[in-house]
Every structure is written in C-alpha cells, then in structure tokens.
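Have a look at the structure below before the remarks.
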Amino acid sequence: YAGHQYGGFTMLGDGRAILLGEHRTPSGGLVDIQFKGSGRTRFSRGGDGLAALGPMLREYIISEAMAALGIPTTGSLAVVTTGEKVYRESPRRGAILTRVAASHIRVGTFEYAARRDEATLRALADYAIDRHDPELVEAPEKYLAFLKAVADRQASLVARWQLVGFIHGVMNTDNVAISGETIDYGPCAFMNAYDPGTVYSSIDRGGRYAYGNQPRIVQWNLARFAETLLPLIDPEPEAAVAAATEVLEGFPAVFERYWLAGMREKLGLQSEEAGDADLARSLLDWMQKVRADFTNTFRDLSAGPPVGERYRDAEFQAWYARWQERVGPTGPSYELMRSVNPAVIPRNHRVEEALSAAEDRDDLSVMHRLLDALASPYETRAEHAEYRDPPADEAGYRTFCGT
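The sequence shown begins at 196 in the numbering used here and counts up one residue at a time.
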C-alpha cells in the first residue's frame, strides 16, 4: 500500500505486515487475518519487517481496551515471541502479532491502486463496496455513495476517540481503515489532563496529530481518499471534484453531530437543546484551565455532586449551576453517564509498567491484571482503584511507533 505520512506521499510496500487471508466467521461475515512482524518480504522497502515484543503487546493491550470501550477496532488475537533479537535503538526481543480486522483496506491502499491504473482502482473499489457496503452495489452513483459512507464511519470513529480522550498519534492515510475500525496502535496514548494540544508521539514534533487536530486531520485524509475516487465518481473532472468537495465540506457538520450526541450522553442529557454544545465546551475550557483529568472529571460528574478542592472553583460552580438548570428538576441521567464515562482507561504509566515487566522480567502478570481492569471499563470496582489514578508527573512522556 501507500500513504501520506505527515503530509508527504510515500510508496510504503507492506511495512511489516503480511495478510494471510480471509476467514469466514460462524455468523457468515468475513475478517482478515494478518501477521505483523514476521519478517521481510519483497515489498519491505529494505526494512527487516520485524517487530519487538513491547510494541506488539501495546497493540494487544490498547485494542482490547478499545473493544471494551465500545470503539470500533482491529483485534489482536495473539502475541508470540520469536526467540530472535530485533535491533532498534538496542537489541529487543522479537515478537509477532496476529491481527484480525473487518478488512485491512486503508485509504493508502486506494492511493496505491490509483497510481497504477484505473482498472485496478475500479476493481479495488468494487471489492471494497461489496465487502463493506453491499447495499451500494447497485446504487446509481455508488462510488460517490461509497465516499459518503467511509466519511460517515470516520466521523463516527474519531468522535468516539475524542469522547474518551484517545490520541491515535500517527493518523497517516495508511492508518485510515475504510471499514471505520481503529488500526495501528503505535505511538497512541490516552490523555490525562485535558489539553487539545496534547501530543505523545516522539516523531510528531509539530503536533500535526495532536488530540484537538484529529477531526481536521481525518477530513484531510478523506480528501486524499476522494482524490483517488475522482475518475470513478464522474468521467468529467470538474463534476467529480464538485461532487467530492460537497461531501468533504459537509464532514465537519457530520462529525459535530456524532460528537455532540456523545457529549450529551456524557453529561446525562436526554433531550436536545441549542446551547448543549456551548455547555460542553465551557466545561472543557475550565478543565483545560485547571488541568483537570479528562476521564476522572466526567466520571466524578457521573456520581452526583462532585467533591474535592478543584470543584469548589468559582468558575466550575457557575458551570455546574448552569448544567443543573439545563437538566431541570429531575437531574441528569447518572445511569446513562456511567455507561459512557469510563472509570478505567489504559493509563500511559500503567501500560508502560506492563510492558516493562514483560520485556525486562518476562513477567506477564502485570499485563494480565491491567487487562482484567480494562475489560470492564464502565464499572467501579474496588480492586481496580489503582488504575483510575493519573500519573503523578507525566512531563516528557513520549510514545514510539516501534518500527
């Protein structure tokens, strides 16, 4: 496949992934089974095609967490060590991840096909439509409808990321799955203190893929996808561009609709009013000002009047009174709030703890305890209390893609 990486186009080969094939599930659906880190192929661009244990376990942990949170994701079936060394900054233990997905077709796959010939592009598009949007097979403008469907899935997906504070970290076009699943958990992380400018990836020095930029970046990525489909949308270039542009320009409104629907649930609102978006953003503004923890603030609100020194702040008290007025005498739906505001997320320091124990001491028990907590993220369980606390200090924390 290919892809725009940090805004520049690159022919990527197969990275370090090998697609083994399709598997028919008991319910009749198709999934792709893929190895990641099993070695070089003739498409590896000179890389070794290998993976180290730590990054593969990170992918396993985060994909399990995302699934439990109800966010569409590729799945990790297994991580196995190879018994060989992988050389990065230092020798690391080699490992192979087995990944499952609705498909591994990305925007970058279309970029690759579009640079070959139109027949290849059309074959890929027809296959993808048949697999992911079969209701569009006979549609009169099926390629334009396909663009709309992919854009809608991406709007929904990234809205869900924003609502739990997830930062993908490497939103290149080769990491945008047309199925609408989250794919590739390299330098990803979950935000602690709320700040739209939060970046953890060591290579994202300009903040291109910061938390607050994710909705705009996915729109940019969809523009690259639309470019590949232009010859299929309409043989007249101007007409094709006009049709695709209309879809892209409508993306912010589609995203906002998904985000606001989710934010209403996070605030326990059971109806829609015009001022709801401003109510939500006012809370976020206060959270940013006082560096409140994103996850814990919403969870605290889910338990009734929040307690603690931070919540005595005059600005928060004013917001709280406004919220209470909005929900009326019956109050917010705390049950709804607790069903969408997680108590437990894969805190970065806990993930690093688990990876260090596995890599340095061959101890998987730390990871298994973490996975047990992440399996029920919306439950408040006493034995998982330690996983709810943010790190004492996260200054300078960075994540790495592991390639």
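For every residue, glycine included, the Cβ atom is placed at its ideal position computed from N, Cα and C. Note that the structure is a prediction, hence the values are computed from the model and not measured.
Check                                                                                                                 : Outcome
Contact check, M251 vs L292, beta carbons under 7 Å                                                                   : yes
Nearest residue (CA-CA) to V353, options G375, K343, F341 and N367                                                    : G375
The stretch 355–373 touching the stretch 450–466, judged by at least three CB pairs closer than 8 Å                   : yes
Those residues which DSSP pairs with E217 across a bridge                                                             : D227
Spatially closest choice to R542 from F385, K280, L319 and T277, by CA coordinates                                    : F385
Within 7 Å, strictly: CB atoms of I428 and A418                                                                       : no
Proximity of Q229 and A212 at Cβ, strictly below 7 Å                                                                  : yes
Unbroken stretches of the alpha helix (DSSP H), 4 residues or longer, contained in the stretch 240–276                : 248–264
Neighbourhood of A475 by C-beta distance below 6 Å, restricted to the same chain and skipping five residues each side : M458
F420 - containing alpha helix (DSSP H), residue span                                                                  : Q409 to I428
Run of the beta strand (DSSP E) containing V295, from where it starts to where it stops                               : P286 to A296
Helix, strand or coil at V394 [DSSP, three-state]                                                                     : coil
One or two residues paired with Q200 in a DSSP bridge                                                                 : G203
Buried versus exposed call for Q519 [16 or more other C-beta atoms within 10 Å across all chains shown]               : exposed
Best match in E467, S258 and R348 for proximity to T268 [C-alpha to C-alpha]                                          : S258
Any 3 or more C-beta pairs closer than 8 Å across the stretch 459–469 and the stretch 527–547                         : yes
Secondary structure of Y592, DSSP reduced to three states                                                             : coil
Between the CA atoms of V365 and G605 - distance to the nearest angstrom                                              : The chain is shown from 196 up to 598; residue 605 falls before or after that span and cannot be answered.
Sequence-distant residues of its chain with Cβ nearer than 7 Å to Y380 (five each side left out)                      : R253, E254, I257 and S258
Within the stretch 306–368, ranges of the alpha helix (DSSP H) (whole runs, at least 4 residues)                      : 313–327 and 337–359
DSSP beta-bridge partners of T377                                                                                     : T268
Cβ neighbour criterion (16 or more within 10 Å) applied to D227                                                       : buried
Reduced DSSP category for G463 - H, G, I as helix; E, B as strand; rest coil                                          : coil
R583 versus E574: straight-line alpha-carbon distance, rounded                                                        : 11 Å
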